[in-house]
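There are 4 protein chains.
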Amino acid sequence: MSALTPQQVDAFVTEVYPDVAQGFSCDAIGGGYATVRWRHDATRLRPGGLISGPTQFAATDLALWFLSFTVLGLAPMAVTSDLHIVFLRPARGGDLLSRADLLRAGKSRIVGRVLTWIDGHPDRPVSHASGAYAVLG
Amino acid sequence: MSALTPQQVDAFVTEVYPDVAQGFSCDAIGGGYATVRWRHDATRLRPGGLISGPTQFAATDLALWFLSFTVLGLAPMAVTSDLHIVFLRPARGGDLLSRADLLRAGKSRIVGRVLTWIDGHPDRPVSHASGAYAVLG
Amino acid sequence: MSALTPQQVDAFVTEVYPDVAQGFSCDAIGGGYATVRWRHDATRLRPGGLISGPTQFAATDLALWFLSFTVLGLAPMAVTSDLHIVFLRPARGGDLLSRADLLRAGKSRIVGRVLTWIDGHPDRPVSHASGAYAVLG
Amino acid sequence: MSALTPQQVDAFVTEVYPDVAQGFSCDAIGGGYATVRWRHDATRLRPGGLISGPTQFAATDLALWFLSFTVLGLAPMAVTSDLHIVFLRPARGGDLLSRADLLRAGKSRIVGRVLTWIDGHPDRPVSHASGAYAVLG
Chain A
5 MSALTPQQVD
15 AFVTEVYPDV
25 AQGFSCDAIG
35 GGYATVRWRH
45 DATRLRPGGL
55 ISGPTQFAAT
65 DLALWFLSFT
75 VLGLAPMAVT
85 SDLHIVFLRP
95 ARGGDLLSRA
105 DLLRAGKSRI
115 VGRVLTWIDG
125 HPDRPVSHAS
135 GAYAVLG
Chain B
5 MSALTPQQVD
15 AFVTEVYPDV
25 AQGFSCDAIG
35 GGYATVRWRH
45 DATRLRPGGL
55 ISGPTQFAAT
65 DLALWFLSFT
75 VLGLAPMAVT
85 SDLHIVFLRP
95 ARGGDLLSRA
105 DLLRAGKSRI
115 VGRVLTWIDG
125 HPDRPVSHAS
135 GAYAVLG
Chain C
5 MSALTPQQVD
15 AFVTEVYPDV
25 AQGFSCDAIG
35 GGYATVRWRH
45 DATRLRPGGL
55 ISGPTQFAAT
65 DLALWFLSFT
75 VLGLAPMAVT
85 SDLHIVFLRP
95 ARGGDLLSRA
105 DLLRAGKSRI
115 VGRVLTWIDG
125 HPDRPVSHAS
135 GAYAVLG
Chain D
5 MSALTPQQVD
15 AFVTEVYPDV
25 AQGFSCDAIG
35 GGYATVRWRH
45 DATRLRPGGL
55 ISGPTQFAAT
65 DLALWFLSFT
75 VLGLAPMAVT
85 SDLHIVFLRP
95 ARGGDLLSRA
105 DLLRAGKSRI
115 VGRVLTWIDG
125 HPDRPVSHAS
135 GAYAVLG
């Protein structure tokens with residue numbers, strides 16, 4: 005299939021899942037990877053300026069879904085099967101970036117790992133996840 | 005320590021993390037368990053009326069935090085360390101309930117499992133999780 | 005299907021996977037659950053008399069496989085897809101028992117949770133796991 | 005601390021955990037990573053020549069333990085806390101290599117990810133894991 009652009013992904017998500025799109029966008033996508041950006045929103049932080057675990061989970065989950073587009077094309081044909089997320093250090097101070105990398109694309113399951121960091125600090129990940137999307141018949 | 009009530013938990017969370025409290029409340033709490041309720045909100049569903057994975061993760065994570073109160077008392081002294089969530093079936097149709105049960109309370113780590121279902125259907129869980137909270141010094 | 009007995013399970017495993025059977029046996033099996041026993045073997049312990057993590061993983065994985073028999077019948081038609089195991093306390097002192105309970109049997113995936121303890125101490129689990137077996141075509 | 009060599013690691017493991025050493029050895033170790041080799045043993049395969057899940061778990065777990073040596077030095081001061089392993093494709097045909105990379109070394113917890121493959125095929129991983137070792141007081 006021809007290469008997807010972040011703009012195509014964002015337009016698709018806004019159309020099918022408008023609620024999902026709020027605050028999140030596709031930052032980059034290519035063969036075997038996809039990156040999600042969460043735009044820093046001071047009204048949604050925890051005390052101490054911390055970006056919450058559920059926000060990191062949402063970015064991670066979305067990155068895996070975008071990763072499924074690189075395999076299946078732009079279609080809502082996959083649902084989260086399971087996800088293991090490990091929190092590594094406090095997350096504060098800027099946009100959040102979650103990059104999913106493909107580990108295996110099978111017929112019924114797409115497996116990836118996701119690294120999440122604060123924009124500008126890729127060497128200090130705030131969480132790491134591995135998970136699978138189930139491909140719907 | 006004396007037993008906590010759901011009202012005490014809700015009052016504490018509203019005070020320290022007002023954003024967390026939106027949509028979620030403590031439904032029950034006791035020795036070794038805590039249950040979170042997410043009030044059905046039709047404006048936050050996915051197409052098809054589905055309750056999203058991130059909403060289930062947020063309820064699960066909150067249930068584990070409430071569970072930590074049964075060990076540490078009412079204090080924000082623990083942070084999510086890691087969480088594994090498995091999605092079992094589509095979630096739609098009512099309030100969401102997430103019940104955390106204690107597996108082990110150690111000095112530095114509180115481990116629990118969480119079962120999530122649609123109110124009225126405890127026999128048909130929509131997700132299952134296990135995870136740990138790290139106890140802060 | 006008619007109910008399976010532990011003896012039928014052991015005979016089947018000895019036939020198809022003789023190596024697996026060494027040290028492990030089916031202790032109980034029924035609707036929605038299966039229990040594996042690891043016979044205490046002093047020659048395979050870690051210093052301090054500890055039963056190792058890999059031994060606990062092997063018992064857990066086997067319990068999930070036996071659980072798949074309650075859904076698919078006695079056939080090697082499922083393979084481990086993923087497994088999350090949390091170690092709760094040191095394991096020493098007797099046989100190990102791992103009980104798998106069914107969370108969801110789908111067409112392509114069987115999900116369960118597994119609790120492991122030292123025989124005689126079911127109230128002090130040594131590990132807890134959740135995982136899935138993929139059903140082969 | 006001065007750099008560890010695979011020979012030092014193997015000598016240490018043989019001394020403190022002789023049973024662990026059977027079949028496994030340290031293949032490489034350095035700043036932030038450690039690799040374990042499982043020497044192909046035709047007597048321990050599943051039908052079809054498959055390397056079992058428990059064998060992959062054992063290699064993965066050992067790689068994380070060796071990774072802890074790069075942080076704590078050569079000492080049995082850490083125990084597996086939790087591990088999530090995802091199986092990606094059938095494993096057969098040669099030695100198994102498991103490489104652990106450090107994600108975060110905290111005071112009480114060392115977190116890493118582990119990729120496992122058949123020697124000669126690093127581009128086709130057979131399993132992926134993330135997990136933590138708890139640092140003992």
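First to last, the protein sequences are chains A, B, C and D.
Sequential numbering from 5 applies to the first sequence in the numbering used here.
Sequential numbering from 5 applies to the second sequence in the numbering used here.
Sequential numbering from 5 applies to the third sequence in the numbering used here.
Sequential numbering from 5 applies to the fourth sequence in the numbering used here.
C-beta: ideal position from N, C-alpha, C; glycine also.
Buried versus exposed, by CB contacts within 10 Å (16 or more), residue i
| i | result |
| --- | --- |
| C/Leu71 | buried |
| D/Ala138 | buried |
| D/Ala46 | exposed |
| D/Ala62 | buried |
| D/Gln1 | Here chain D has residues from 5 to 141 only, and residue 1 of chain D is not among them. |
| D/Ser64 | One detail in the question is off: residue 64 of chain D reads as Thr in this sequence, not Ser. When all chains shown are included, D/Thr64 counts as buried. |
| A/Ala7 | exposed |
| A/Pro58 | buried |
Nonlocal neighbours in the same chain, by C-beta distance under 6 Å from residue i, ignoring five residues either side
| i | result |
| --- | --- |
| D/Val20 | Pro80 |
| B/Asp123 | Gly98, Asp99, Leu101 |
| C/Gly36 | Leu106 |
| A/Phe16 | Leu78 |
| D/Gly53 | Arg96 |
| C/Gln60 | Thr120, Ser131 |
| D/Val90 | His132 |
| B/Gln12 | none |
| A/Thr18 | Ala25 |
Close Cβ partners of residue i (< 7 Å) along its chain, the five nearest in sequence each way excluded
| i | result |
| --- | --- |
| D/Arg128 | Arg93, Trp121 |
| B/His44 | Gly98, Asp99 |
| B/Ile55 | Leu49, Ala95, Arg96, Leu100 |
| D/Arg103 | Tyr37, Thr39, Ala67, Val118, Leu119 |
| C/Trp151 | Because chain C here runs from 5 to 141, residue 151 of chain C falls outside it and cannot be looked at. |
| D/Pro22 | none |
Segment limits, alpha helix (DSSP H) that includes residue i
| i | result |
| --- | --- |
| A/Ala104 | Not the alpha helix (DSSP H): A/Ala104 falls in the beta strand (DSSP E), residues 100-109. |
| A/Ser224 | Outside the displayed span of chain A (5 to 141) sits residue 224 of chain A, for which this structure offers no information. |
| A/Ser29 | Segment 28-34 is the beta strand (DSSP E) holding A/Ser29; no alpha helix (DSSP H) there. |
| C/Thr18 | 10-20 |
Per DSSP, cross-strand counterpart(s) of residue i
| i | result |
| --- | --- |
| B/Ala82 | B/Val139 |
| A/Thr59 | Paired residues: none, contrary to the question. |
| D/Gly116 | D/Leu106, D/Gly135 |
| C/Val90 | C/His132, D/Asp86 |
| B/Trp121 | B/Leu101 |
| B/Arg1 | This structure does not reach residue 1 of chain B, given that chain B is present from 5 up to 141, and the question cannot be answered. |
| A/Arg50 | A/Leu54 |
First and last residue of the uninterrupted beta strand (DSSP E) at residue i
| i | result |
| --- | --- |
| A/Ala38 | 37-42 |
Cutoff 8 Å; reference residue i; Cβ partners in own chain excluding five residues on either side
| i | result |
| --- | --- |
| B/Pro10 | Ser29, Cys30, Asp31, Ala32, Ile33 |
| D/Asp86 | Gly135, Ala136 |
| D/Ala82 | Trp69, Ser72, Leu76, Ile114, Tyr137, Ala138, Val139, Leu140 |
| D/His88 | Ala133, Ser134, Gly135 |
| B/Thr74 | Leu8, Ile33, Gly34, Gly35, Gly36, Tyr37, Ala38, Leu106 |
| A/Asp14 | Ala25, Ser29, Cys30 |
Proximal chain G residues relative to residue i, where beta-carbon distance stays under 7 Å
| i | result |
| --- | --- |
| A/Val20 | Going by chain labels, chain G is absent from the structure shown, which instead holds the protein chains A, B, C and D. |
Review point. Touching or not, the stretch 107-114 of chain A and the stretch 103-119 of chain B, by the rule of three or more beta carbon pairs under 8 Å?
Key: no
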